[in-house]
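Worksheet: the structure to be examined is printed underneath.
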Amino acid sequence: MIYNGIWKNNPALVQLLGLCPLLAVTSTVVNAIGLGLATLVVLIGANIAVSLIRNYVTDAVRLPAFVMIIASFVTSIELIMQAYTYELYQILGIFIPLIVTNCAILGRADSFAARNPVIPSALDGLMMGLGFMAVLVILGAMRELIGQGTLFSDMQLLLGDVAVNWKIEVFTDYPDVLFAILPPGAFIGLGLLIALKNSWDEKAKERAEKNKANTEAVDRRVRVTG
Numbered sequence: 002m003i004y005n006g007i008w009k010n011n012p013a014l015v016q017l018l019g020l021c022p023l024l025a026v027t028s029t030v031v032n033a034i035g036l037g038l039a040t041l042v043v044l045i046g047a048n049i050a051v052s053l054i055r056n057y058v059t060d061a062v063r064l065p066a067f068v069m070i071i072a073s074f075v076t077s078i079e080l081i082m083q084a085y086t087y088e089l090y091q092i093l094g095i096f097i098p099l100i101v102t103n104c105a106i107l108g109r110a111d112s113f114a115a116r117n118p119v120i121p122s123a124l125d126g127l128m129m130g131l132g133f134m135a136v137l138v139i140l141g142a143m144r145e146l147i148g149q150g151t152l153f154s155d156m157q158l159l160l161g162d163v164a165v166n167w168k169i170e171v172f173t174d175y176p177d178v179l180f181a182i183l184p185p186g187a188f189i190g191l192g193l194l195i196a197l198k199n200s201w202d203e204k205a206k207e208r209a210e211k212n213k214a215n216t217e218a219v220d221r222r223v224r225v226t227g
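With the working numbering as the guide, the letters of the sequence shown map in order to residues 2 to 227.
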């Protein structure tokens, strides 16, 4: 389940779900972490709630009920962000309430949580959320680094005064590359991540097939000499 959520069946890189917020708000690491944490909490909470009521909800109202549950968690996250991280909430804007329409959340609720007990459902939500958040953060780091030459800029928006000095100037006197911060940069960055994952998986598959062939050859030699 861990490998499935973070790598093999990653919501962003494999299922290509939740691309609208992923491409829109990953201009910096702090934006990516903020949206990633919000999505992670909603995924875990929705999976737990759906698993708890799975035996009491009929098919006729299943999807509307799941959407209401997800919307309740998203509204709670909105209120918390408005109270404690208001500036970050303003930056993320409409993409926080749009978590309700994230197909990754509704998909996991319907395909997994509605058919499994609470603990596996919570773990599934955690792993899928971490997989989605990892892609957000990596893409955000890529775009911030290429676009501004920095990392962890404005982290105080999420963590408060303790993170005021967390900004890292990777390149001094860096000419900002606006293209990386704009939507085209997000599309290209995501495409590169998908290509890297596919290449890694293909090489891993080739290595596994080669090792299997070598093992079978050794077994045949052992049987012949034995």
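For glycine and all other residues, C-beta sits at the position ideal for the given N, C-alpha and C.
Computed from a prediction, not measured in an experiment: that's the story for all the values here.
Are the CB atoms of F133 and G35 nearer to each other than 8 Å? Here residue 133 refers to the residue found at position 132 of the sequence shown. Here residue 35 refers to the residue found at position 34 of the sequence shown. Taking 8 Å as the Cβ cut-off, F133 and G35 do not qualify as a contacting pair.
Rounded to a whole number of angstroms, what is the C-alpha to C-alpha distance between T76 and M82? Here residue 76 refers to the residue found at position 75 when the sequence shown is read from its first residue. Here residue 82 refers to the residue found at position 81 when the sequence shown is read from its first residue. Cα to Cα, T76 sits roughly 10 Å from M82.
Going by alpha carbons, who is nearest to N10 out of T173, I195 and R208? Along the sequence shown, one-based indexing puts residue 10 at 9. Here the closest residue by C-alpha is I195.
Residue from A110, M156 and Y57 with nearest C-alpha to V68: Translated into positions along the sequence shown, residue 68 becomes position 67. Ranking the options by Cα distance to V68, first place goes to A110.
Which of helix, strand or coil DSSP assigns to L38: Stepping through the sequence shown from its first residue, residue 38 is reached at position 37. L38 falls in the helix class under three-state DSSP.
Separation of S112 from S28, as counted between CA atoms: For the purposes of this step, residue 28 is taken as the residue at position 27 of the sequence shown. For the purposes of this step, residue 112 is taken as the residue at position 111 of the sequence shown. Taking the straight line from one Cα to the other gives about 31 Å.
Contained alpha helix (DSSP H) runs [length at least 4] in the region 22-101, N- to C-terminal order: 30-54, 63-85 and 87-93
With a threshold of 7 Å on Cβ separation, who are the neighbours of E79 within its own chain once the five nearest residues in sequence on each side are excluded? Here the question's residue 79 lines up with position 78 in the sequence shown. Cβ neighbours of E79 beyond the five flanking positions: I97 and P98.
Whole-Å CB distance - G46 paired with M128, under 8 Å assumed: On the sequence shown, residue 46 is found 45 positions in, with the first residue counted as 1. On the sequence shown, residue 128 is found 127 positions in, with the first residue counted as 1. Contact flag wrong, Cβ pair sits at about 15 Å.
Can you grab the Cα-Cα spacing for the pair Y175 / G108, in whole Å? Your numbering for residue 175 matches position 174 in the sequence shown. Your numbering for residue 108 matches position 107 in the sequence shown. Rounded to the nearest angstrom, the two C-alpha atoms are 42 Å apart.
Considering only the beta carbon of each residue, do N48 and S154 sit closer than 8 Å? Start at 1 with the first residue of the sequence shown, and residue 48 comes out as number 47. Start at 1 with the first residue of the sequence shown, and residue 154 comes out as number 153. No. Outside cutoff.
Per DSSP, the bridge partner or partners of I7: In the sequence shown, the residue the question calls residue 7 occupies position 6. Paired residues: none, contrary to the question.
State yes or no: is the C-beta of L137 within less than 8 Å of the C-beta of L18? Indexing the sequence shown from 1 puts residue 137 at position 136. Indexing the sequence shown from 1 puts residue 18 at position 17. Not a contact, by the Cβ cut-off of 8 Å.
Using the Cβ count rule (16 or more neighbours within 10 Å means buried), how would you classify S52? In the sequence shown, residue 52 corresponds to position 51, counting from 1. Result: buried.
Looking at the secondary structure, which residues open and close the alpha helix (DSSP H) in which A110 lies? Stepping through the sequence shown from its first residue, residue 110 is reached at position 109. Here the alpha helix (DSSP H) through A110 covers C104 to S112.
If you draw a straight line from the alpha carbon of V219 to that of D202, how long is it in whole angstroms? Locating residue 219 in the sequence shown gives position 218, counting from the first residue. Locating residue 202 in the sequence shown gives position 201, counting from the first residue. C-alpha separation (whole angstroms): 26 Å.
Closest residue to V26 among K211, N103, L152 and L183 (Cα-Cα distance): On the sequence shown, residue 26 is found 25 positions in, with the first residue counted as 1. Closest option to V26, Cα to Cα, is L183.
Where C21 and G186 are concerned, what is the direct C-alpha to C-alpha distance, given to the nearest angstrom? Position 20 of the sequence shown, counted from the first residue, corresponds to residue 21. Position 185 of the sequence shown, counted from the first residue, corresponds to residue 186. Whole-angstrom Cα-Cα distance: 14 Å.
Whole-angstrom C-beta distance between V30 and A240, which should lie under 8 Å: Here the chain has residues from 2 to 227 only, and residue 240 is not among them.
So, with DSSP's three-state summary, where would you put L152? Looking up residue 152 in the sequence shown gives position 151. Strand, per DSSP.
CA-to-CA distance, L14 to N117, given in whole angstroms: Counting from 1 along the sequence shown, the entry for residue 117 is found at position 116. Counting from 1 along the sequence shown, the entry for residue 14 is found at position 13. Cα to Cα, N117 sits roughly 25 Å from L14.
Thinking C-alpha only, which one of K206, A115 and A33 is nearest V62? If you number the sequence shown from 1, residue 62 lands on position 61. It is A115 whose Cα lies nearest to the Cα of V62.
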